[in-house]
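Numbering (our numbering), first residue to last: 313 to 668. The beta carbon of each residue, even a glycine, is placed where N, CA and C say it ideally should be. Below: one structure, written as structure tokens.
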């Protein structure tokens, strides 16, 4: 009997030692992985604490940040914003000058919609590619509607709301491969837990493969305040978000065990890259069967701007004069003399599953 007790004690101590050692090694591995992994492994309590801090900054009316909330698009750049490198005019475009409803005589007006590659993050106004085109070709005028972090869906919705107001002859929607993941995203911090807590609309596909708009779920600044009171409620935004991970946000053991965190993250990342049927990339290329690709692939037979978006216009588009009834009626095809192009930009880095 004594021998059995000693044996049981020995086994218990051995298991405890192994579990403790494993936990310690996993904590060390997580710490050492921080400079290596594109997405740091963090506890949800840490994620939610930072989320609350960033929401407070976002709602702080005493600061004039470049980014402001938009009830339709999720966010946009503040009209009239100025700093040493950036100028946003009253129409919400990147430019130190205002634009007339019609271009000057014998000038070709182009409207460029898209993300930070269109906007020209990290360079001055004069060094953005729309400005460089104007410098190289004096009879071409490029209106810069780019906004950092936008997906093709937001660029398209902004085009629907503002695309004809300034009478462009050509409309360009620029995109990079990161934008593929954004069209299936609602809450930016589900893509990366270091992101600003911004929320966006997205499109889904119905049973017939038709686009269905899922509007911005937080159209008012006051809607964000609820997540200051109960940060965990943000998981409700995951209902239509490809990047939402219940194994992280719904797992009680995730915060308390480094072992659980490490192995959960490893499995989720490996699965997202190699096994998930709906993964964005497959065999080093874009997965054509993914929901994200099917949402934004060209489909001429699909419905118009008005039927996809409810013909909503952004409240911040007041800076540009509203189009005439004739122009509004042609907002889908823009005008018979206007052409729309998709312009892919070269990436600065290799694709990764977590997006950016």
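- Annotation: residue 465 to residue 448 spans about 30 Å, alpha carbon to alpha carbon.
- Spanning the alpha carbons of residue 493 and residue 345 requires a straight line of approximately 24 Å.
- As for any alpha helix (DSSP H) of minimum length 4 sitting wholly inside the region 512-551, the runs are 533-541, ordered along the chain.
- Under the 10 Å beta carbon count, residue 416 is surrounded by fewer than 16 other beta carbons and is classified as exposed.
- Secondary structure of residue 456 (DSSP, three-state): strand.
- Proximity of the region 496-507 to the region 451-459 falls short of the contact definition, fewer than three beta-carbon pairs being nearer than 8 Å.
- In the structure shown, residue 406 adopts extended strand secondary structure according to DSSP, grouped into three states.
- Collapsing the DSSP output to three states places residue 554 in coil.
- If you check the CB distance, residue 342 and residue 574 come in under 8 Å.
- Secondary structure note for residue 473: its alpha helix (DSSP H) is the uninterrupted segment 464-474.
- One alpha carbon belongs to residue 404, the other to residue 576, and they sit about 42 Å apart.
- Straight through space, the alpha carbons of residue 609 and residue 363 are spaced by roughly 33 Å.
- Within the same chain, 591, 592, 593 and 605 come within 7 Å of residue 599 by CB-CB distance, once the 5 residues on both sides are set aside.
- The beta carbon of residue 377 lies closer than 6 Å to none in the same chain, with the five residues before and after it left out.
- Around the C-beta of residue 568, fewer than 16 other C-beta atoms lie within 10 Å, and the residue is accordingly described as exposed.
- About 6 Å separates the beta carbons of residue 560 and residue 566, which is inside the 8 Å limit, making them a contact pair.
- Rounded to the nearest whole angstrom, the C-alpha separation of residue 512 and residue 418 is 38 Å.
- Separation of the CB atoms of residue 431 and residue 394 is rounded to 15 Å, and the pair is thereby denied contact status at 8 Å.
- Ranked by Cα distance from residue 369, the options 551, 508 and 353 are led by 508.
- With distances taken between CA atoms, residue 420 lies nearest to 480 out of 469, 480 and 384.
- If only uninterrupted alpha helix (DSSP H) runs of at least 4 residues are considered, those enclosed by the region 339-382 are 356-371.
- Straight across, the Cα-Cα distance linking residue 469 with residue 460 is about 15 Å.
- In this structure, the beta-carbon distance from residue 515 to residue 526 falls below 8 Å.
- In the DSSP assignment, residue 386 falls within the beta strand (DSSP E) that extends over 386-389.
- Look at residue 399 here: in three-state DSSP terms it is strand.
- The residue among 353, 595 and 474 with its C-alpha nearest the C-alpha of residue 385 is 474.
- Here residue 604 is not bridged, per DSSP, to any residue.
- At the C-beta level, residue 545 and residue 539 come within 8 Å of one another.
- The shortest CA-to-CA distance from residue 483 to any of 429, 424 and 409 is the one to 424.
- Less than 8 Å separates the beta-carbon of residue 603 from that of residue 517.
- When secondary structure is reduced to three states using DSSP, residue 592 falls in the coil class, being assigned neither helix nor strand.
- Boundaries of the beta strand (DSSP E) harbouring residue 486: 482-487, taken from the DSSP string.
- Using a Cβ distance threshold of 8 Å, residue 520 and residue 462 do not count as a contacting pair.
- Comparing C-alpha distances from residue 381 to each of 523, 401 and 534 shows the shortest one belongs to 534.
- Measuring C-alpha to C-alpha distances from residue 487 to each of 524, 496 and 428 identifies 428 as the nearest.
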